[in-house]
Each structure stands twice: as C-alpha cells, then as structure tokens.
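J.: Take the sequence shown: its position 18, counting from 1, is numbered 18 in the UniProt record's numbering, and each next residue is one higher.
Quick reminder that beta carbons are idealized off the backbone N, C-alpha and C, glycines included.
Please read all numbers here as calculations on a predicted model, not as lab measurements.
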Amino acid sequence: MKGYPLDALHEEIAFLAYYLHWDHDTLLGLEHRDRRRWCEEVSRINREVGGSSKKEKSLLDL
Numbered sequence: 001m002k003g004y005p006l007d008a009l010h011e012e013i014a015f016l017a018y019y020l021h022w023d024h025d026t027l028l029g030l031e032h033r034d035r036r037r038w039c040e041e042v043s044r045i046n047r048e049v050g051g052s053s054k055k056e057k058s059l060l061d062l
C-alpha cells in the first residue's frame, strides 16, 4: 500500500493554515478528500477576489 506523498501533505497543511488559520491537529485530522476540497475552495475564492483576467494556478495545479 502506498501512502499519500509527504510533500503534498505539507503543501496542503501550509496552504490551509496560512489562509484559514486552523491549527496543525485540526488540519491533520481532516480526511484527504476533505483537505483537498478545502484547498480547492480557498483557491477558487482567491481567483474570484483577485479579479485577475488570466487563469491563475491554484495549489492543486502545482
């Protein structure tokens, strides 16, 4: 069984902690799909608020 890449986990945790100010234990307690969904939502909001005409990359595009 292969685990979730540790680098990806760190990126998601840092991204959500930065934008949502949630603590480490809360973020690690999220299921993988829930954490990814929160990353998608924060990225979407950033694109909408930023008002950029070009499509900006989200954390999930990296």
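Can you give the beta carbon distance from L6 to R35, rounded, assuming they're within the 8 Å contact cut?
T.: No, L6 and R35 are not in contact; Cβ-Cβ is about 14 Å, not under 8 Å.
J.: Does the Cβ-Cβ distance between L27 and I13 come in under 8 Å?
T.: yes
J.: Going along the chain, which residues of its own chain have a beta-carbon closer than 7 Å to the beta-carbon of residue 110, five neighbours each way excluded?
T.: This structure gives no information on residue 110, because the portion of the chain shown stretches from 1 to 62.
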